[in-house]
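Worksheet: one structure, shown below.
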Amino acid sequence: MTSSRPTIDFDPFTPPHLIDATELLARARRETPVFYSPPLGTWVITRYDDIVEIMRDPASFSSAAAITNVPAPPPAPILEVLARGVAYEPNSVDLDPPGHTVTRKFITRAFSSRRVSAMEPRITEFAHELVDRFSDGEADLVAEFAYPLPTLVIAEILGVPTRDLPDFKRWSDEWIVLLAQRGDMPRLIAAAEAIVEFQLYVAAMIRARREAPRDDLTSAVVAAADELDAPPSDALLTSLLMTVMFAGHETTTSLLTNTVKLLSQHPEARREVLASRELVPAAIHEALRFDPPVPSMYRTATRDVELGGVTIPAGAHIQLNFASANRDERYFEAPDVFDIHRAERVRPLSFGHGIHHCVGAALASLEGRVALNVLYDRLPGLRLKPGQVITPIPSATVRGTKQLLVVYDGRRPREERG
0 MTSSRPTIDF DPFTPPHLID ATELLARARR ETPVFYSPPL GTWVITRYDD
50 IVEIMRDPAS FSSAAAITNV PAPPPAPILE VLARGVAYEP NSVDLDPPGH
100 TVTRKFITRA FSSRRVSAME PRITEFAHEL VDRFSDGEAD LVAEFAYPLP
150 TLVIAEILGV PTRDLPDFKR WSDEWIVLLA QRGDMPRLIA AAEAIVEFQL
200 YVAAMIRARR EAPRDDLTSA VVAAADELDA PPSDALLTSL LMTVMFAGHE
250 TTTSLLTNTV KLLSQHPEAR REVLASRELV PAAIHEALRF DPPVPSMYRT
300 ATRDVELGGV TIPAGAHIQL NFASANRDER YFEAPDVFDI HRAERVRPLS
350 FGHGIHHCVG AALASLEGRV ALNVLYDRLP GLRLKPGQVI TPIPSATVRG
400 TKQLLVVYDG RRPREERG
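Residue 417, in numbering that gives the first Met the number 0, is where the sequence shown stops; the numbers in between run on with no holes.
This is how it looks when you write it as structure tokens:
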């Protein structure tokens, strides 16, 4: 064990690491699997085993601040704006047991295998409706399909009116900005103001469902909470539903975009998927490993702890780099190769692990399967538009792109399959 602090200037918010950190992370796994990143102000964990060990030990590694790369609270002007809204409370992804156990039960019921399977016809209909609006030869896959599809799905589950969906896009974008805390103060204040709008909107939904329940997840969560001997506060329910809304569409948008992009960049895999649609789930699984929509999450050390031969001090902010773990040579053969026929039984960490495994994983996978089948059924020759520069979103917690231009050879009717 050593008390020294191995350091690497890793910054996923700026080039070159924003574009591709594969080489740096591979070298870190070999030589410095646990290191400190001065640009982030966090420790970074790169190996699969170490990340799993951390996620299995919430007593030593708290999930507090799990979704932000910034260990310190926001600056005072930001806190002043946020004080106008609903006080944020840790609720699921950033909550440790025993509180996590209680709140997770509310959400797990809504994403049971039976409920998820029952959503397939609606997801299929949404996907077709979106493709119906495409022009005959070119589209922005993010704006016209990959963003609206999961947004429509999670909105229906939660009971959010379609007319309010444009606000959700704006609120989600601003939440990413606020979590990163990158930018000048006016920009961050604008993001905080948007989050206050989001909070007040969800809080109003909770009050409305308590007075007049509907057949939706929001009503179910409120009812389940109110039945407890010690009901959680409306502030906690607000934070919980905000998290579900955000995670329920933002990460799936990236999953859809990344999968289409990777299949376009690997034409042999694309040809195989087109020839045998049974390979669609495998293609999605490999896309999740190769370019995960959630590349990292965070923990806080509750005590001095030794990991990878290095002592991480109590109170340290720690990045669990899922993108690196998913390419750990100890578990994945030829990890930098996109291979839809992988034989490894180990599960990538793209949906988390253990008590924090994503409750919406089955829904996201279903949306991915339906989306790919509809796109390839309806859009012959679907491929990336040549010459475009694909720039990732500057975020350590969401790996996607704001735009992905695709071209295709016309649109088939719904019933026709190539």
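Here a beta-carbon is modelled for each residue, glycine too, at the ideal position from N, C-alpha and C.
What residues in its chain sit with their C-beta under 7 Å from that of residue i, if we drop five residues either side in the sequence?
{"i": "residue 140", "result": "256, 259, 403, 405"}
{"i": "residue 400", "result": "141, 256, 389, 390, 391, 392"}
{"i": "residue 367", "result": "254, 255, 258, 283"}
{"i": "residue 408", "result": "379, 380"}
{"i": "residue 67", "result": "178, 297"}
{"i": "residue 69", "result": "180"}
{"i": "residue 234", "result": "85, 86, 88"}
{"i": "residue 279", "result": "272, 368, 371, 372"}
{"i": "residue 51", "result": "352"}
{"i": "residue 335", "result": "21, 326"}
{"i": "residue 182", "result": "176"}
Comparing alpha-carbon positions, which option in the options lies nearest residue i?
{"i": "residue 322", "options": "345, 335, 290", "result": "290"}
{"i": "residue 387", "options": "408, 89, 138", "result": "138"}
{"i": "residue 277", "options": "336, 198, 369, 355", "result": "369"}
{"i": "residue 42", "options": "363, 300, 345", "result": "300"}
{"i": "residue 119", "options": "385, 413, 383, 361", "result": "361"}
{"i": "residue 127", "options": "398, 373, 383, 384", "result": "373"}
{"i": "residue 170", "options": "242, 236, 26, 304", "result": "242"}
{"i": "residue 115", "options": "285, 364, 54, 314", "result": "364"}
{"i": "residue 148", "options": "371, 383, 189, 398", "result": "371"}
{"i": "residue 200", "options": "240, 182, 211", "result": "240"}
{"i": "residue 287", "options": "103, 349, 185, 394", "result": "349"}
{"i": "residue 190", "options": "132, 226, 79", "result": "79"}
{"i": "residue 56", "options": "304, 130, 225, 146", "result": "304"}
{"i": "residue 206", "options": "232, 182, 113", "result": "232"}
{"i": "residue 281", "options": "17, 339, 100", "result": "339"}
{"i": "residue 215", "options": "108, 172, 192, 145", "result": "108"}
{"i": "residue 101", "options": "134, 225, 3, 16", "result": "225"}
{"i": "residue 311", "options": "25, 17, 40, 29", "result": "40"}
Which residues in the same chain as residue i place their Cβ atom closer than 8 Å to its Cβ, once the five residues preceding and following it in sequence are excluded?
{"i": "residue 419", "result": "Here the chain comprises residues numbered 0 to 417, so residue 419 is not present and cannot be evaluated."}
{"i": "residue 506", "result": "Coverage of the chain is limited to positions 0 through 417, which leaves residue 506 absent and any answer about it impossible."}
{"i": "residue 398", "result": "253, 257, 290, 291, 292, 293, 294, 322, 391, 392"}
{"i": "residue 161", "result": "151, 154"}
{"i": "residue 7", "result": "23, 27, 31, 34, 35, 36, 43"}
{"i": "residue 186", "result": "176"}
{"i": "residue 83", "result": "195"}
{"i": "residue 64", "result": "70, 93, 297, 299, 316"}
{"i": "residue 164", "result": "147, 150, 151, 154"}
{"i": "residue 130", "result": "144, 373, 374, 377, 378, 410"}
Less than 8 Å separating the beta-carbons of residue i and residue j?
{"i": "residue 396", "j": "residue 295", "result": "yes"}
{"i": "residue 213", "j": "residue 158", "result": "yes"}
{"i": "residue 317", "j": "residue 297", "result": "yes"}
{"i": "residue 94", "j": "residue 59", "result": "no"}
{"i": "residue 358", "j": "residue 110", "result": "yes"}
{"i": "residue 155", "j": "residue 121", "result": "yes"}
{"i": "residue 36", "j": "residue 9", "result": "yes"}
{"i": "residue 328", "j": "residue 343", "result": "no"}
{"i": "residue 315", "j": "residue 302", "result": "no"}
{"i": "residue 194", "j": "residue 174", "result": "yes"}
{"i": "residue 285", "j": "residue 337", "result": "yes"}
{"i": "residue 73", "j": "residue 354", "result": "no"}
{"i": "residue 53", "j": "residue 319", "result": "yes"}
{"i": "residue 76", "j": "residue 184", "result": "yes"}
{"i": "residue 264", "j": "residue 237", "result": "no"}
{"i": "residue 309", "j": "residue 5", "result": "yes"}
Sorted by chain position, which residues of the same chain lie with C-beta nearer than 6 Å to residue i's C-beta, five sequence neighbours on each side aside?
{"i": "residue 209", "result": "221"}
{"i": "residue 105", "result": "220, 223"}
{"i": "residue 123", "result": "369"}
{"i": "residue 250", "result": "292, 293"}
{"i": "residue 269", "result": "262"}
{"i": "residue 217", "result": "157, 158, 204, 208"}
{"i": "residue 345", "result": "330"}
Which ranges does the alpha helix (DSSP H) cover as unbroken runs of at least 4 residues, wholly within the segment 253-297, from first to last along the chain? 266-274, 279-289
Across the segment 323-330 and the segment 9-27, are there enough close Cβ pairs to call them in contact, namely three or more that are closer than 8 Å? yes
Which ranges does the alpha helix (DSSP H) cover as unbroken runs of at least 4 residues, wholly within the segment 140-185, from first to last along the chain? 147-157, 164-179
Taking 8 Å as the threshold, find out whether the segment 77-92 comes into contact with the segment 238-251 through three or more Cβ pairs. yes
Write down every uninterrupted run of the alpha helix (DSSP H) in the segment 184-216 whose length is 4 residues or greater and which is fully enclosed by it, in chain order. 184-210
Secondary structure, alpha helix (DSSP H): runs of 4+ residues fully inside the segment 91-139: 98-109, 112-117, 119-131
If you scan the segment 380-417 from start to end, which runs of the alpha helix (DSSP H) of 4 or more residues do you find wholly inside it? none
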